[in-house]
Structure formats: structure tokens, C-alpha cells
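2 protein chains.
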Amino acid sequence: MRPADVIQTKRDRGELSRSQLEAFVSAAAKLEGSSWEKYHLSALLMAIYLNGMTPAETAYLTQAMADSGKRLDLSDMPPCRVDKHSTGGVGDKTSLVLGPLAAACGVHVPMMSGRGLGHSGGTLDKLESIPGFNVNLTEDQLRDALMDSGLAMIGQTADIAPADKTLYALRDVTATVESIPLITASILSKKLSEGIVGLVMDVKCGRGAFMKTREQSRALADSLVKVGTANGLKMSAFITAMDAPLGRYVGNSLEVIEAIETLKGNGPRDLTELSVKLAARMVKLADIADTDAEAEESVRSRLASGRGLEVFRETIAQQGGDPRVIDDYSRLPRTKTVVHVMTDRTGYITSIDAEKVGIASCVLGGGRTRAEDKIDPAVGIIVRAKPGERVSPEQSVFEVHYRDGAKLVEVMPMLASAFTVGDAAPAEEPLVLEEIA
Amino acid sequence: MRPADVIQTKRDRGELSRSQLEAFVSAAAKLEGSSWEKYHLSALLMAIYLNGMTPAETAYLTQAMADSGKRLDLSDMPPCRVDKHSTGGVGDKTSLVLGPLAAACGVHVPMMSGRGLGHSGGTLDKLESIPGFNVNLTEDQLRDALMDSGLAMIGQTADIAPADKTLYALRDVTATVESIPLITASILSKKLSEGIVGLVMDVKCGRGAFMKTREQSRALADSLVKVGTANGLKMSAFITAMDAPLGRYVGNSLEVIEAIETLKGNGPRDLTELSVKLAARMVKLADIADTDAEAEESVRSRLASGRGLEVFRETIAQQGGDPRVIDDYSRLPRTKTVVHVMTDRTGYITSIDAEKVGIASCVLGGGRTRAEDKIDPAVGIIVRAKPGERVSPEQSVFEVHYRDGAKLVEVMPMLASAFTVGDAAPAEEPLVLEEIA
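So, in C-alpha cells, the structure goes:
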């Protein structure tokens, strides 16, 4: 099979066969000795970007990408393994809240997460702000954690979906990232490798999200559900608003603190409600509850009883972290200095630009612009006034936790332009916009 | 300027700026030390293939590709330098006829040709079947030839449009060959390097041509005229039929013989008429004649007087070839053996498939499937019965000049299926379908 013939098929809007997709993926996993070169891959990626793929093609692509590496086989364990994945937002620490809550309800959550890139954060970076926390577990350690607390929070090893690594790096430099079938295959190939039976997707929508419009978000959610289902997963996808940051804390240590506060019952309403909603859907997909109401009731009771918090404490301990952070936030990395960005008038906050806040946190050192960048877990931003809240002059909107004065100077004008104040409170927008299942 | 931003512009159907196109081309000319890799080039080529380019973009691309290498500056010579270029056909030896005829009329023809690839032949290969003929002239030799006979027939040196070499090789393996703007830039960048003032294009159309339909041919002709004009060339483009081979002789020595016969006034009508038509347009673009009729009359008189034949004889001698081939075809490489493909019924030839004949000639050894293949100048096919001609059983349709019995066995069934016989003569189709200027 000549690469040019495969490329030509997609160029001419044809449907790629399973064997053509497998040839493409196996070349991406290992170019050495293959008749494919990177310039073949990138030409095909552009043809896919522009001409799309059918759900069947995307399903084969996803499967081939998962099969290009190690896939955990946990089929000897109870069939209640369900994970959640978010397409990335600002202040989105729901994984740290719903993982423990779902596990407390009896779900097995083998959560394999990524690192932050650009303005959106990553669960691994947040967890690693907990002193000692180890995201690299062996398969045996993972199995023990699932049988014990029900929750393991780990990183992707190099042998998970290696084809995705080549393709993602190539997409990044050839302007072929924003393709629904390619995003679908990238997300689901890694999730299939976890050996789960069900997946709840949180597709973020809005100016702080990768997908800016409802139509794009719906198309992605729809593709994820179709392709996940075709690959044997029980799927549910929520489209949720990501115009303002979720909760109030943005940054790594800061988000751990807010997640713990939420598990203690003191969380902000948006974060609490979204975490409960997503955890309940995980409980339902794990077949632990019969109805949505029963699933939600189950999650709320674990939140109220503090059982979710205890699971998080166990997980931290299981993975080598210092569980005392739960009760003593000073054990987390913190900056010594804080400044505030203030309002200059009376009124209501009408918007907070999540993307600008995310970029500001990244510039402060809390995120990466390139995959090899080191991050500073201590820095970040606390949103003191969220949309709909009343403010008066010289009231703090953003509390900036910084380490480097030069970076602070860089982010101040960004943050000054990241909120608007009006005379009237904005209409309250729902957080969960839609569910696709 | 990041490659991804340039690619993204075209991906999103934007117009590439002159500086973006220059960055792309200079990378193609020399990847070393550039921020572009081949995978960037191929992704952009696919985006161009699928989303097209405006005439302005194509004009800048063409200019940048010409400027990527050496451009002959002949502006100190008389401004009557006009060339012809064909998009490639089967049996198309018009260059060998019209070059001498146009030069005999006073046109300076610095003809830079290519080699054959696939089923279509190349002028250089045909010329090199003449013993001693040297297609590699220095600039001084070229200038002398133009001032002397008016005609030089040379190959492209490595320093002509080097960006085209990289891009063409990459297009060939990434299914991005058949793109009007990319074809336009490839052809015209090389022609601009000849230092000509005018160009006559022969865009072949039909089953033996690269462009199979009238619409495709018209789109290419239109693009060539627009982009050539934008780059300061006087342009004219003919769309001509290429369903059956042009003339009767296909193969390298064989086509030289037919070209010489045509210059002697004994040529087949289609080849003679097309050569006269194209040469006349060259005369007109060179501003040597005031009207089309005058230009054509001028060419016909040089054909009738034998002056065209004398120019060809001079050119052969100038370029180190043996001019005695003009009078003695046995001095050209010839095969020892010939077989015939016969009809088995009475009727009229209704079609000859130029592409099949071209492939058969290539398989016999007369052409290349890869650029590095060696060719055999002696082999080829003479079409003994052309469409519209009456045949009876066991009359020869193809006279096959072969060297290798195994290859003969391979081409016989091809040739047996390369013609059809019917009860009635087909309607005569015009050879020149359209002119675009």
C-alpha cells in the first residue's frame, strides 16, 4: 500500500479503509523501516482536517491508535471502571473532586491524566503540587489502588498510544489540531488504553475553551459519543460553559486547595454542582445506580458525609503524597507575595475572561507554552469577584499569587482587561448547557 | 514567520501574502537551516491542493520559484525570444518541428525542455537519440545559437528553479500533483528562467493527456495565461486534442524521423497543422508579424522552402549532433526487429487510445517510470491506421519496434486493446479545441 494512494483517497473525499488507517497509524507509531515519512503523515493530516472523516473511519483510527501501544487489560476486575475526561478549561479542578466522590460511591476510577499546555491546566501538574505525590504507578499498584480506595490518578506512560504522540506533535506544527475526528481519536485512544468500560466527557464550550461555539462543542461531543460507543465504551458527554473560570482558584496548589474545600462542603456552587453532576453520571455508567436521581443522591451523600474527602486523603497517601495537606494548606507550595487587581467603580461584574486568566496564570509560571517547560506550582490567581457579584471601587477582583516581579508586570494589564463591570447583573447562564448520550 | 501560521492561512482559505509564499519557496529551495521541514511543505501543498490559490498568489509563487534559482538575463538581445511548452502528450514531437520553423521566421527560441516521465515523452530524450547531440550548453553557447540559427534546444540545469525540484518530488509522493496553481507555478517558473518575452502553451486535453476534460484544460490554460501575463510574459494558450497519438510515430528515434519528414513537407496532417499553428503564434508574440494570417503565411513559406529543415540541420550541428541523420535515418538508433498488431475485421478505426500507446512505448523501454530510469531510444510504435482510416482483416494497426521479447509479450495485449474498429468512420474532431489569450 503506497502512502500516496492512501493520501489520495482522503484528498478525493473517499472513505479510508480499516487497513489504510492501520498503515497510517502504525507508521506514526514507528516511522523507522516504514514506507511512510513525516511528510506523508502531515499531508494526510491536512486532507483529514479539510475533508473530515466518517464516524466509522474515526472509530477505526481510534482503535488503531489505542492498539499502537499498551492497553491495560483489567477485564478480570469488577466491570465498574469509569473515567471522566475534560477537553480543558481554566480553573477546572473537577477531576480532583469527582474522582474521590465517584470512588466513594463504588466506581473504580483508573484516571489517566495529562499535563497543562497553554492557558488550560492539567490534573497531573495540580496533583504534583502535593509534596511527594507520585503519578507513575505500576499496573499492580494501579490494581491495588482500585481495589482499595477505588481511585488511582496517574500519568500516561510512554507506551500508551505512541502513535498519538507523533501525530499530536505533527498536528501542532502543521495547523491541523482543530479537527473533530483527530481530536476524538487522540482523546479516546488514550482513554481506551485505561481498560475502562465507561467514560463521561466534559466538553468545554466558550471563550476559555478549545471549542468556542456551541456548534463546535456539539460536533465534538457527538463524535466522542459515537466513536467511544463504536469502540465498546458506555459514553455520556456534557457540554459545559467555560466563559469564566470554574470556581475561583486558578493555579496548581491553589486548585488543590479549592478541590479540598469543595470535598469539605465549602466549595463554590459551580464547581460543586458540576462535580456532583459528572460523578453521578459516572456512577450511573458503572451500573451502581438505577436512575439518575439515585446516582446523584448517592454522590451528594458521600459529599455531605465527608467520605469523598477521605477517599482523596487515602489516594494521596497511596500515591506517596503528604495527606496532611488536607488539613494544612501551608504544606502546599505557596508564594510569599500577593497583589490585587481592583475595580474602579461600583456595579456588577458582567464577565471574567477565562482565557485571559488562564494565560495570565501560565505567564506567572503556572503553565507551559512548550511541553518541556517547568512549572511553578505556587503561582496563580484567585478570582475574588465572579460574574453577577456586586463590586465597589477598590475592591479586589483578582488576587495574584506571583513569584517573579517581571512576570507580574506582564500580567497586570492582561488581568485589568480580563473583567468588565456594568450597572446591572448579567443574566445567570446555566453551567451544563447540554448532555449528549 | 512560523510555518504553522502560513499553513493555517491557506487551511482557512485565506490568501497567502507575497512574503509567506517567499518563505515557503525559499525553504523548498534549501531546507537546511530553515525553520521549515518537509512535513510543513507537504501539509501546505495539500492545503493548496484542496483550497486553491488566487491568480495573484500563483503569480507570486511562480516568481519566487523562478527567483529561487538562476534566471537567464538576455535583455541585451533582440526582444523576440519566444518559446512553446506542452503539458505532455503521446507522439508529440511538435517542438522539433515548430522550433526550427519559428527560428526560420526570425524568432529566437531558447527552448529549455524536460525528459519523459510515465506515458508521455520528453523532447530531450528525443534529441539525444541523435548521435552526439548535446543538450547542455553554456550561456555563451546559447547566446551564440540564438544569434546564429535562432534556436537552441537545451535541458534544465540544476540551478534552474531548485524549489520546483523539491516541491515536485514531494507532490509526487503526497498526491498533490494535480493542482492547477501548483502546475502553473511549476511550468512557468522554469519558463521564466529562460529569459523569454513570450510563451505559447499547448495544453493537451483527452485520454492521453494529464488533463482529461475540457473544463480542467481550460482552467489550466486560463491560469497559465493569467499568471504568465502577471509575470510580464506575452502569453497564448491552445487547448488541443490528445485522445489519439499526435502523428503516427511514438518513441524517441521514431519521433525524430517523423519530425524531419514533417520539416521536409511529408508529415502527417495533424502534426503539420498543429506545428504551423503554434509556430505562427510564436511569430506573432515575437512581434515579427502584424496579423495571424501574416504569421501563418510566414511559417508555411519556411516549411515549403525547406528553410525550417535547414535550421534544424544547423541546430543539430551547433549542438554537436550528427546532421547526416536528416538524410539518413539509419544513423539513428533502430531496433532490428519489428512486429505488427493486426485488425481481425473490416471497418473503420474509431479510436486509438493514446495513453495505452504511450504506456506501451514506455514499457518497451522508450520511457521512464522513475526519473532515474535509462531509456532505449530505438524502441517505439508506429500507428499504421489512425482514427477514420479504413482497415481490412490482418491489416497492421501498430508496428512495434522492440528489443526485448519479454517486454514485447507484455505490451501486445495492451496494444490489442488500444484500438477499436467500427462499421462507420467516426466524426472528425478538430485538433485545436480552443485558444485562450
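If you read the sequences in order, they're chains A and B.
So in this note's numbering, spot 26 of the first sequence is number 26, and the numbers just go up one at a time.
So in this note's numbering, spot 130 of the second sequence is number 567, and the numbers just go up one at a time.
Cβ coordinates follow ideal geometry from the N, Cα and C atoms, glycine included.
Whole-Å CB distance - residue i paired with residue j, under 8 angstroms assumed
i: R11/A; j: Y486/B; result: 7 angstroms
i: V203/A; j: T87/A; result: 5 angstroms
i: T531/B; j: L708/B; result: 7 angstroms
i: A681/B; j: P824/B; result: 5 angstroms
i: L629/B; j: A503/B; result: 4 angstroms
i: A152/A; j: L137/A; result: 6 angstroms
i: A43/A; j: A480/B; result: 6 angstroms
i: A441/B; j: A175/A; result: 5 angstroms
i: S654/B; j: C642/B; result: 4 angstroms
Cβ pair residue i, residue j closer than 8 angstroms
i: L332/A; j: V256/A; result: yes
i: R608/B; j: L625/B; result: no
i: P100/A; j: L233/A; result: no
i: A27/A; j: M1/A; result: no
i: R81/A; j: G195/A; result: yes
i: K844/B; j: G802/B; result: yes
i: H330/A; j: S253/A; result: As written in the sequence, residue 330/A is Ser, which differs from the His given in the question. No.
i: V848/B; j: I786/B; result: no
i: R739/B; j: S673/B; result: no
i: P162/A; j: A29/A; result: yes
i: R207/A; j: D353/A; result: yes
i: G150/A; j: L124/A; result: no
i: R384/A; j: E394/A; result: no
i: H401/A; j: V338/A; result: yes
i: L868/B; j: T650/B; result: no
i: G528/B; j: G684/B; result: yes
i: D423/A; j: G347/A; result: yes
i: V762/B; j: R737/B; result: no
i: K521/B; j: V662/B; result: no
i: S788/B; j: G817/B; result: no
DSSP state of residue i mapped onto helix, strand, coil
i: A418/A; result: coil
i: L870/B; result: strand
i: R390/A; result: strand
i: G470/B; result: coil
i: A589/B; result: strand
i: S120/A; result: strand
i: G405/A; result: helix
i: K507/B; result: coil
i: E847/B; result: helix
i: F133/A; result: coil
i: P760/B; result: helix
i: M911/B; result: Because chain B in this structure spans residues 438 to 874, residue 911/B falls outside the shown range and cannot be described.
i: I725/B; result: coil
i: A427/A; result: coil
i: D562/B; result: helix
i: G543/B; result: coil
i: A595/B; result: coil
i: E294/A; result: helix
i: L16/A; result: coil
i: D140/A; result: helix
Bounding residues of the beta strand (DSSP E) (the contiguous stretch that carries residue i)
i: S86/A; result: V82 to S86
i: E836/B; result: S833 to Y839
i: L188/A; result: Run containing L188/A: none in the beta strand (DSSP E); it sits in the alpha helix (DSSP H), I180 to L192.
i: M112/A; result: V109 to S113
i: G306/A; result: Neither: G306/A is in no beta strand (DSSP E) and is coded neither H nor E.
i: V820/B; result: G817 to V820
Enclosing alpha helix (DSSP H) for residue i [first to last residue]
i: I48/A; result: K38 to N51
i: I444/B; result: P440 to R448
i: V90/A; result: First-last for V90/A: undefined, no H or E at that position.
i: D172/A; result: P162 to V173
i: T58/A; result: P55 to D67
Handout entry: Sequence ranges, alpha helix (DSSP H) only - wholly within the segment 634 to 709 of chain B, length at least 4
Key = 651 to 667 and 689 to 700
Problem - Residue ranges of each alpha helix (DSSP H) within the segment 765 to 811 of chain B, 4 or longer - result: 791 to 798
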